[in-house]
Amino acid sequence: MKKLGLIFFITFSSITFSQNEIPDDFIFSQIVNEVNISGNISTISNTNTTNKFGGGLGIYHVFLEPSFFNILLGFEYNYTSQYLKYYGEGHTTYRNAIHQLHNFTIPLILRFNVGRKNKVVFELGPYMENTIFNGLGDVHYWSYTYSSISENQKFHIGNGVSGGVLASIGMKIPLKENLKMILRMTYHYGLGYYYQNKTIGNYFPNQYLKLSIGLNWARKYNPTLEKH
Numbered sequence: 121m122k123k124l125g126l127i128f129f130i131t132f133s134s135i136t137f138s139q140n141e142i143p144d145d146f147i148f149s150q151i152v153n154e155v156n157i158s159g160n161i162s163t164i165s166n167t168n169t170t171n172k173f174g175g176g177l178g179i180y181h182v183f184l185e186p187s188f189f190n191i192l193l194g195f196e197y198n199y200t201s202q203y204l205k206y207y208g209e210g211h212t213t214y215r216n217a218i219h220q221l222h223n224f225t226i227p228l229i230l231r232f233n234v235g236r237k238n239k240v241v242f243e244l245g246p247y248m249e250n251t252i253f254n255g256l257g258d259v260h261y262w263s264y265t266y267s268s269i270s271e272n273q274k275f276h277i278g279n280g281v282s283g284g285v286l287a288s289i290g291m292k293i294p295l296k297e298n299l300k301m302i303l304r305m306t307y308h309y310g311l312g313y314y315y316q317n318k319t320i321g322n323y324f325p326n327q328y329l330k331l332s333i334g335l336n337w338a339r340k341y342n343p344t345l346e347k348h
């Protein structure tokens, strides 16, 4: 989280305080014109699970700006984690387990802007996500000599690709000419499971909530730039 915060702070400072507006030839504008940093938390609801805080970073290209309707194509890194008191799989049980999820997400977002100066934004769209997952905790099992063994170790290390749907509500606040601050609350609803054991009936969904702050320097297409 500290590294993510430092990256965002450097980006924010260089864009916001070095000049009165974003120049037309700003190096990233043709590729990336919106960035954000977020605080994340899983939203699994049961008595066995405690949701823990994580964080994330996103970069996007915003199409059709400025208008009532935008399309965003982006790339995000989202980290979440969960604490599980106990669960079992056959002759093995896991206690005091921490599940760590590193999600690499490609969203396609439809954004609607409502208002004049300070705009309310609504977003909806699908995403694809590659989740790298590992667990860390106390593993109890029976050895081949039928003795009980308990170890603190990593387990269930793996990754998988799944899809989902996200929805957001937020604010777009102008700071300077062609520079806006974006505040958003986003819910990621994963349609698959980051880990499952069908034989035992263990299913762990990947769903989380994000609170983010970001910068948008997208501008209307200017044909005169093509002459430079």
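With my numbering applied, the sequence shown closes on residue 348, and no number is skipped along the way.
Backbone N, C-alpha and C fix where the C-beta goes; we use that ideal spot for every residue, glycine too.
The structure presented is a predicted model; accordingly, all values stated were derived computationally and were not measured.
Taking Cβ positions, are H219 and G255 nearer each other than 9 Å?
yes
Is it true that the CB of R304 sits closer than 9 Å to the CB of V241?
yes
If you follow the beta strand (DSSP E) that S162 is part of, which residue opens it and which one closes it?
E154 to S162
Distance between V259 and I302 (C-alpha atoms, nearest Å):
Annotation: I302 to V259 spans about 44 Å, alpha carbon to alpha carbon.
Beta-bridge partners of I218, as assigned by DSSP:
Y203 and L256
Sequence-distant residues of the same chain with beta carbon closer than 6 Å to R339, five excluded per side
N298
Mind reading off the beta-carbon distance from N160 to N190? Whole number of angstroms is fine, and I expect it under 8 Å.
Going by Cβ atoms, the distance from N160 to N190 rounds to 23 Å, so no, they are not a contact pair.
Using the three-state DSSP reduction, which class does E346 fall into: helix, strand or coil?
A caution first: E346 carries a pLDDT of 43, below 50, which makes its placement in the model unreliable, though a value can still be read off. Helix, per DSSP.
Taking only the alpha-carbon atoms, compute the straight-line gap between Y214 and G194 and give it to the nearest angstrom.
So the two alpha carbons sit approximately 36 Å from each other.
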